[in-house]
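To keep things clear, I will list the structure first and then write my remarks on it.
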Amino acid sequence: MNETGLVFGAEFARRIRSRPYILATVLGALAIALVVEAPALFNRAFSSQAHAIVLAGPAALRVPAQTLFGDDFRVTASVDALPQPVTIDYLDAHGKAGAAVLLSQRGGRLYADVFTRDLSAWDDVDFRALAPLGVQVATGEPVSQTQRYVTVEKSLHSLDAKFADTQSAALGHGVAIGLVTVLYISILISAQAVVASVAEEKTSRIAEVLVATISPVSLLTGKTMAAGALALLQIAVWAGAALAFVPSGFAAFSHSSGAKAVTGASFAGLPQELALFVAFFILGFAQYATIYAAAASLISRTEDLGSVSGPIVMPAVGGFLIAQFAMAAPNAPFVVACSFMPFLSPYVMFTRLALETVPAWQIGLSLAINAVAAVACFWAAGKVYRVGMLLYGKLPSPRQVLAVLRS
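Going by my numbering, the residue at position 326 of the sequence shown is 552; the numbering climbs one at a time, nothing skipped.
Structure representation (structure tokens):
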């Protein structure tokens, strides 16, 4: 077995059995499952009380109002009048309702008195669904007629062939947010793992023995490949957890937002998205991990780790923040330009292609630029790593590092 394969196998076997890696993988999967299920949990918790109401008033108002409310509110009781005063005990006795709504006519208009447990929960709640009933009170025409006056029919026409309907567009945004977040976290965590491994070997003087028996380039390559493989394995576990819960979680979101149900067609573009996700992850990870490893090879004390690795974190943070901006404006000139820049591109370009149909030449150019950047980073990191692993004492100056790169 060659030196790179030997380092890869040893590093992979050591880290995959480590408790921190196993714990992070399991907790990550549980966290993703919780996040995906959050809409369903929130919908059940919120609608169980806040949207449960006691509806009161004359039958001429209550009966059509209950029909117009539809799924917006769950009517636990329908009564002619409310006691004075309305108490929390009264709401508890009527299905633990969140509020009692008393409908009446005042000055020829429909009026609603809301007696609620939580004023803040109802401050922004409107009764727009009762608009046809309000028109009936004002004009005397039946709700069946007035409903036509207050309803505006709407048809959405997409200018981008990527999304055929609203549910696939909503799913695309969800996939973009989720995968870009996973991309950001995985690249940083995996790159930091390479840093920790290199720093441990350097500060414990094990590096001297390793470099004496194994080529520094092979050592760097093996460590980087092992960390990347472990990160992809971790992402696969997290993706499995997400895919197991996405249908139910998105169905809850669709129900609460009025979107159509999720269908198999909504997931048709996922294989291509995931393939490009893996490609951008590998290229982004290669750029960050090799530079991180080179920086870690320069330290002699763990206390110096932050001073050399801290500046390298900034491009990752910047790329992630620009990706958030790209969620709202994927075609902004600044966003398009950043989607070709190394270190930023893995986040920004992936966000763009998850949200819209990006020209194939732009995707290809971005991949090519990042591939060249990854090779350049590896070349530069290899030079610094070769010298840095045997360098002890104070941190080298930027001028000394540049001298090493020129040699």
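Yeah, the Cβ is synthetic: ideal placement off N, Cα and C, and Gly gets one too.
Being a predicted model, the structure only gives us computed values, none of them experimental.
- Of the other Cβ atoms in all chains shown, fewer than 16 fall within 10 Å of the Cβ of W605; this residue is therefore exposed.
- A323 has its alpha-carbon roughly 27 Å from the corresponding atom of V363.
- Put simply, the backbone Cα of Y316 is about 59 Å away from that of S565.
- For secondary structure counted as the beta strand (DSSP E) over 3 or more consecutive residues, the stretch 322–353 holds these complete runs in sequence order: 325–332 and 335–342.
- Residue state for A303 is assigned as strand, using DSSP reduced to three classes.
- Sorting D352, G366, A512 and D350 by C-alpha distance to the C-alpha of R335 places G366 at the top.
- Taken in chain order, the whole alpha helix (DSSP H) runs of length 4 or more contained in the stretch 492–574 are 496–522, 531–554 and 559–564.
- DSSP places L281 in the strand class (E or B) of the three-state scheme.
- Counting C-beta pairs closer than 8 Å gives three or more between the stretch 352–362 and the stretch 282–291, which meets the contact rule.
- Annotation for S370: the continuous alpha helix (DSSP H) segment containing it runs V369 to V376.
- Relative to R240, the option among Y375, K609, G448 and A286 whose CA is nearest is G448.
- In the structure shown, the three-state DSSP call for K449 is helix.
- A519 is positioned such that its CB atom lies closer than 8 Å to that of V424.
- Closest in alpha carbon position to Y410, among V539, V351 and L591, is V539.
- The beta-carbon separation of A594 and T516, rounded to 18 Å, does not stay under the 8 Å limit for a contact.
- Ranking A282, V369 and D344 by CA distance to the CA of S330 puts A282 first.
- Per DSSP, L308 lies in no alpha helix (DSSP H) segment and is marked neither H nor E.
- Annotation for A419: A453 place their beta carbon closer than 6 Å to its own, counting only its chain and skipping 5 residues before and after.
- Straight-line spacing of the CA atoms in A602 and V504 works out to 20 Å.
- In this structure, the CA atom of F569 is about 59 Å from the CA atom of S370.
- In the structure shown, the three-state DSSP call for K380 is coil.
- In chain order, P572 and F576 place their CB closer than 6 Å to the CB of F506, counting only its own chain and leaving out the 5 sequence neighbours on each side.
- Per DSSP, I242 is one residue of the alpha helix (DSSP H) stretching across E229 to I242.
- If you look at P358, you'll find it in the alpha helix (DSSP H) that goes A357 to T365.
- G400 carries a helical assignment under DSSP once its states are collapsed to helix, strand and coil.
- Put simply, of A470, A236, L579 and A586 the residue whose alpha carbon is nearest the alpha carbon of L256 is A470.
- Just measuring C-alpha positions, the residue of L446, W587 and V463 sitting nearest G231 is L446.
- The C-alpha of V562 lies about 29 Å from the C-alpha of I258.
- Under a 10 Å Cβ-count criterion, F234 is classified as buried, with 16 or more other Cβ atoms of the shown protein chains found around its own Cβ.
- In the structure shown, E582 falls within a coil segment according to DSSP collapsed to helix, strand and coil.
- In the displayed model, S416 falls within a helix according to three-state DSSP.
- Residues of the same chain with a CB within less than 6 Å of the CB of L405, apart from the 5 flanking positions on each side, are F503 in chain order.
- In this structure, A285 lies away from G321, with their beta-carbon atoms at least 8 Å apart.
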